[in-house]
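Going from the sequence shown to this note's numbering is simple: count from 1 and add 938.
The C-beta atom is built at its ideal place from N, Cα and C for all residues, glycine as well.
Since the model is a prediction, treat every value here as computed from it, not as a measurement.
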Amino acid sequence: MSDDMLSKVKTFFNQHFSVASDSVDKEHELRLAAATLCVEVMRADYEIASEELKSILMSLQATFQLTVDEAKELLGLAETLADEASSLHPFTSLINAEYTLQKKVEVVEMLWRVALSDSDKDKYEEKVVRQVAELLYVPHRDFVQARHRAEAAIQAVK
């Protein structure tokens, strides 16, 4: 992460969260890592559908208890970070170091919601979700169950 991007991330979280500690900073980094992975899935097919953006915002709000404005700002930071990223490794490494298997599966489910939100089962988006799941050491059974939960959640909204 570049110094400029790190500065932007810290500014965002200092503006929105009053407590500043190492554990809070780590949680903010984890949120940004998950959001950036969502952006990577969204961009995998080189088409950004409004449904995908909406799915990311809703997932960020629900998963991390953010307001609409906080989720939008986090998404903006994630898009900038995704522009600068050369691989998924920095994001998955951070998540691996800090999250339990259950939390990793939640991230994979978020990614599935993004990938499936535009009703287009794109092979490139699926490839990124699969790659992230493998990098997070999510067992195949959990990977498939996360997809089924994401599909059910999307159908329930339609």
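Coil, strand or helix - Gln1003 by DSSP: Gln1003 falls in the coil class under three-state DSSP.
Beta-carbon proximity of Val1070 to Ala1020, cut-off 8 Å: no
Span of the alpha helix (DSSP H) around Pro1077: That residue, Pro1077, is in no alpha helix (DSSP H); it is neither H nor E in DSSP.
Val1076 versus Lys1042: straight-line alpha-carbon distance, rounded: The alpha-carbon atoms of Val1076 and Lys1042 are separated by roughly 7 Å.
Whole-angstrom C-beta distance between Leu1012 and Arg1079, which should lie under 8 Å: With a Cβ gap of about 30 Å, Arg1079 and Leu1012 do not count as contacting.
Three CB pairs or more closer than 8 Å across the stretch 1021-1030 and the stretch 1003-1011: The stretch 1003-1011 and the stretch 1021-1030 do not touch, with fewer than three beta-carbon pairs separated by less than 8 Å.
Range covered by the alpha helix (DSSP H) that runs through Thr1030: 1027-1036
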